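Undergrad: Sharing a structure below in structure tokens format, with a few things to ask.
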Amino acid sequence: MNSNEQTHVFRSWSIQHPEKMLRRSWENEGCVVYDGVSGNTHLLSPFAGEVLGLLISDSYTVESLLLEFSNDFSGQDAANAFQEIENILFELRNINLVCDTNR
Numbered sequence: 005m006n007s008n009e010q011t012h013v014f015r016s017w018s019i020q021h022p023e024k025m026l027r028r029s030w031e032n033e034g035c036v037v038y039d040g041v042s043g044n045t046h047l048l049s050p051f052a053g054e055v056l057g058l059l060i061s062d063s064y065t066v067e068s069l070l071l072e073f074s075n076d077f078s079g080q081d082a083a084n085a086f087q088e089i090e091n092i093l094f095e096l097r098n099i100n101l102v103c104d105t106n107r
């Protein structure tokens with residue numbers, strides 16, 4: 005892991021405005037999220053919906069999310085799993101659903 009990746013491991017992520025978010029998920033179908041701040045509705049992949057669901061209750065680092073989803077990533081190397089989770093977090097940040105609490 006290079007030094008740039010190491011800084012990402014310790015970033016803590018949380019929901020931007022949990023009190024203004026409505027979320028509905030369907031097993032293996034995905035997740036729909038209404039953001040009451042922006043008025044936008046977003047369709048998320050099943051895995052992005054699971055990540056968002058965890059962030060509703062607490063802040064997580066990419067590393068702690070890797071531990072939560074370790075069974076989902078069996079057979080993948082850690083770098084690929086890390087990158088997949090980090091990409092989801094960046095996508096959720098880009099649509100203002102989550103924030104990097106270390107910024």
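In this note's numbering, the protein residues as written are 5 to 107. Every residue, glycine too, gets a C-beta built ideally from N, C-alpha and C. These figures come from a predicted structure and were not determined experimentally.
Given Ser42, which residues of its chain have a CB within under 7 Å of its CB, disregarding the five upstream and five downstream residues?
TA: Here residue 42 refers to the residue found at position 38 of the sequence shown. Only Asn100 meet the Cβ criterion.
Undergrad: Tell me, please, whether the region 18-38 touches the region 52-65 by the rule of three or more beta-carbon pairs shorter than 8 Å.
TA: As far as the Cβ criterion goes, the region 18-38 touches the region 52-65, which means the pair count is three or higher.
Undergrad: Roughly how many angstroms lie between the CA atoms of Glu72 and Lys24, to the nearest whole one?
TA: Within the sequence shown, the letter at position 68 stands for residue 72. Within the sequence shown, the letter at position 20 stands for residue 24. Answer to the nearest angstrom: the Cα atoms are 25 Å apart.
Undergrad: Can you look up Gly53 in the DSSP assignment and give me helix, strand or coil?
TA: Taking the first residue of the sequence shown as 1, we reach residue 53 at position 49. DSSP places Gly53 in helix when its eight states are reduced to three.
Undergrad: Cβ of Thr65 within 7 Å of Cβ of Ser18?
TA: Translated into the one-based positions of the sequence shown, residue 65 becomes position 61. Translated into the one-based positions of the sequence shown, residue 18 becomes position 14. For Thr65 and Ser18, no; Cβs fall outside 7 Å.
Undergrad: Using CA coordinates, which residue listed in Gly40, Ser29, Ser68, Asn106 is at the minimum distance from Ala52?
TA: One-based indexing of the sequence shown puts residue 52 at position 48. Taking only the C-alpha atoms, the option nearest Ala52 is Ser29.
Undergrad: Look up Asn91 in the DSSP assignment and say whether it is helix, strand or coil.
TA: By 1-based counting over the sequence shown, the position of residue 91 is 87. Helix, per DSSP.
Undergrad: Just the Cα atoms here: how many angstroms apart are Gly40 and Glu95?
TA: Along the sequence shown, one-based indexing puts residue 40 at 36. Along the sequence shown, one-based indexing puts residue 95 at 91. Cα to Cα, the separation comes out at about 18 Å.
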